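In the numbering used here, the protein residues as written are 1 to 705.
First comes the structure, then the notes that go with it.
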């Protein structure tokens, strides 16, 4: 049975919907917690972004960070319509840091999500984890049920019932009652918006999929009825909402019912106009980032890109900062999110999606977080263009690129938390690209460009402040050129930019442009992480995220970890496959001192190192279970340094250690292996371990040399 029919403009409408969500969250975030009266008295009408933190990047927000975790449950489970609440709960436990990052950790019985997480972590399964029976109605009916649910409509276009069912299962992990109805309602409206643009008809669709006698349905009908009575005065409608469904009538921190009324009111009075809708949602106050985000997602799908003014898009520059234990998934572009949603939506429809490069410009107006700079020449504009003919690309226009002048077109691959407007949702980052990987880009200069232009690929090392680049290659005017470069081993680096440099070796290029059609990279890592060059950053250190424990720099060049439970810290890319990890390990206290490979989150990885009773031990993490799969005698001692190597190659894991205690090695073949994942360091069950360097290298290179 075909559950989803993919519309012809599906990709662009998904992009518009998620763009609308991100715009709404950014627009509403500075006013979160303000009341209507606060806004009206201090700001009046609001028609654009508020400049809350000049010169800073917009912070991570739970409204977008958690959905980008929840959607991985659909990906990890094989994109089936039978996705269960327990599978979604597994994504919570796998991708969330332990009570840090991504969400508001306001305490058990105070924060709905914090409560649900602790329930899950202690063995209370979903959906009981979020139920009224477990947590009480006040906690279960807070706003989270609806604010994270837009994504289910994006992957189920034109099937509001399926979108609502998926949202119900996701919401039930942490919510119940009206909290679930809100998830169903929002997801249904997003799904229906692929075929219907009239807000009142969309609202009717959502109402048909929730209980008619629920409080949620009552507030929705009240807003629609008032609109029909006074269709020209949204402020009067808000006064009615506050009087009959205000915060004073519902318990908890941020109850879903008043905010549901704001979303419906904005949709009705916005009349299908994107800007007007999100402005009303924002000026109404209360949980502004949530409400404006929901309204923006629904209207984004309904009106498409043509209905979203460029003034909302330009400051965003397609960048989304997220927060999870997978650091490379915390720097996203909105097109990358849309690609993921579209791939999963097509999978639900029984269709395949052709592979796409990491950065492409197929969505109209997309910029993919690229920037342009000129030296001895001035960049005057960066925008999408079809000037190169057969496909769209990102065009950087330049004026008077003088002899020996340079034009750089690049994107960021690493950020420092200090660059964010705030970071109370705890984003930490891992570089998207590392030494040893091979970069590929497609570039074009127009037919009238001078023949003296040379192009190079480059990366920028944020630790040293130095760029590294390939040998320049001549560009043929009027023809596409594919550039390829394998980044050499750069020990102690932190790569924060990747892009293209064009140099002019001849006379002044008066007017011209460089067009980039795609940029991507792949391949195994080959570099050394020198802890002496890192710094305290976020909840761990630069380039690393953490699951649990106290991770810090001590002794000048050593990375220390300690704490109760399974304390782990991660770096690298979840897509890495075969590689060798080597680290200097100094066991200080306790019996578990490991390195990790093929880390797919908190629940799926391998760990190997110095184990109890004088052993070298290899472990497999499956869910919340850790199994020791192989061991060999190795009489290690506290305070001594050991070199530990763990190699992942196909289905084979090879572990070895060397030090004053001698040498030990073992191998194990996993009959159902994890095929890919990042790396980590781990110190378990009250241990304290110091690490003085991490080396990553390709398996093939090691075998050959």
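Note that CB positions come from ideal geometry on N, CA and C, so glycine has one too.
Small disclaimer: the values here were computed from a predicted structure and weren't measured.
Which value, in whole angstroms, describes the spacing of the CA atoms of residue i and residue j?
i	j	result
residue 177	residue 28	26 Å
residue 278	residue 292	5 Å
residue 490	residue 507	35 Å
residue 450	residue 414	34 Å
residue 359	residue 263	33 Å
residue 701	residue 466	At residue 701 the pLDDT is 47, less than 50, meaning the model places this residue with poor confidence; the figure from the coordinates comes in the next sentence. If you take the alpha carbons of residue 701 and residue 466, they lie about 27 Å apart.
residue 505	residue 411	25 Å
residue 290	residue 25	6 Å
residue 493	residue 430	12 Å
residue 498	residue 238	48 Å
residue 535	residue 570	15 Å
residue 696	residue 544	15 Å
residue 704	residue 666	With a pLDDT of 33 at residue 704, under the threshold of 50, the predicted position of this residue should be treated as unreliable, though the coordinate-derived value follows. Near 20 Å, if we compare the C-alpha coordinates of residue 666 and residue 704.
residue 474	residue 260	58 Å
residue 188	residue 381	39 Å
residue 171	residue 23	23 Å
residue 632	residue 664	7 Å
residue 64	residue 148	7 Å
residue 1	residue 154	Residue confidence is low: residue 1 scores 42 on pLDDT, short of 50, so the model does not pin down where it sits. Its coordinate-derived value is still stated next. Approximately 19 Å, taken between the alpha carbons.
residue 107	residue 115	7 Å
residue 275	residue 288	15 Å
residue 547	residue 283	38 Å
Which stretch, first to last residue, makes up the alpha helix (DSSP H) that contains residue i?
i	result
residue 364	No alpha helix (DSSP H) holds residue 364; DSSP gives it neither H nor E.
residue 500	Residue 500 -> not in any alpha helix (DSSP H); beta strand (DSSP E) instead, spanning 495-504.
residue 718	Outside the shown range of the chain, which is 1 to 705, sits residue 718, and nothing can be said about it.
residue 546	Where residue 546 is concerned, there is no enclosing alpha helix (DSSP H), although the beta strand (DSSP E) it sits in stretches over 545-548.
residue 26	10-28
residue 295	288-303
residue 706	An answer regarding residue 706 cannot be provided, because it is not within the stretch 1 to 705 covered by the chain.
residue 90	85-95
residue 37	36-42
residue 154	150-154
residue 657	Note, residue 657: premise wrong, no alpha helix (DSSP H); beta strand (DSSP E) at 652-659.
residue 279	274-283
Specify the secondary structure class of residue i as computed by DSSP and reduced to three states.
i	result
residue 245	helix
residue 205	helix
residue 103	coil
residue 264	helix
residue 65	helix
residue 714	Nothing can be reported for residue 714: it is not among the residues displayed for the chain, which extend from 1 to 705.
residue 338	helix
residue 114	helix
residue 531	helix
residue 702	Confidence at residue 702 is low in this model, with a pLDDT of 41, below 50, so the placement of that residue should be treated as unreliable; the coordinate-derived value is given next. In this structure, residue 702 counts as helix in the three-state DSSP scheme.
residue 577	coil
residue 619	strand
residue 75	helix
residue 181	helix
residue 599	strand
residue 132	helix
residue 254	coil
residue 163	helix
residue 522	strand
Name the DSSP bridge partner or partners of residue i?
i	result
residue 468	459
residue 310	In DSSP, residue 310 forms no bridge with anything.
residue 642	585
residue 551	561
residue 108	Answer by DSSP bridge pairing: none, since residue 108 is not bridged.
residue 678	599
Got a sec: is the Cβ-Cβ distance from residue i to anything in chain B below 8 Å?
i	result
residue 596	Note that chain B does not occur in the displayed structure, where there is just one protein chain.
How would you write the range of the beta strand (DSSP E) that residue i sits in, first residue to last?
i	result
residue 373	370-375
Heavy atom of the ligand SAM less than 7 Å from the Cβ of residue i, yes or no?
i	result
residue 393	Inclusion of the ligand SAM in the displayed structure is not the case, the ligand content being empty and no account of it being possible.
Indicate whether the contact test is met: 3 or more Cβ pairs, each with one atom in the segment 147-158 and one in the segment 191-209, closer than 8 Å.
-> yes
Between the segment 323-342 and the segment 124-136, are three or more C-beta pairs nearer than 8 Å?
-> no
contact_flag[the segment 100-108, the segment 603-612] where n(CB pairs < 8 Å) is 3 or more | Judged by Cβ distances under 8 Å, the segment 100-108 makes no contact with the segment 603-612, as fewer than three pairs qualify.
contact_flag[the segment 681-688, the segment 549-564] where n(CB pairs < 8 Å) is 3 or more = In this structure the segment 681-688 touches the segment 549-564; the number of beta carbon pairs closer than 8 Å is three or more.
Should the segment 366-378 be regarded as contacting the segment 347-355, the criterion being three or more beta carbon pairs within less than 8 Å?
-> The segment 366-378 makes no contact with the segment 347-355: fewer than 3 CB pairs, one atom from each, lie closer than 8 Å.
Between the segment 416-431 and the segment 393-405, do three or more beta carbon pairs fall short of 8 Å?
-> no
Touch test, the segment 567-587 against the segment 642-653, Cβ-Cβ under 8 Å, three pairs minimum = Touching, yes.
The segment 6-16 touching the segment 298-308, judged by at least three CB pairs closer than 8 Å | yes
If we count Cβ pairs, one from each stretch, closer than 8 Å, do we get three or more for the segment 477-488 versus the segment 435-452?
-> As far as the Cβ criterion goes, the segment 477-488 touches the segment 435-452, which means the pair count is three or higher.
Counting Cβ pairs, one atom from each stretch, are 3 or more of them under 8 Å apart for the segment 28-41 and the segment 68-86?
-> no
Are there three or more Cβ pairs, one per stretch, closer than 8 Å when the segment 660-680 is compared with the segment 589-598?
-> yes
Counting pairs of beta carbons, one from the segment 85-95 and one from the segment 105-125, are three or more of them closer than 8 Å?
-> yes
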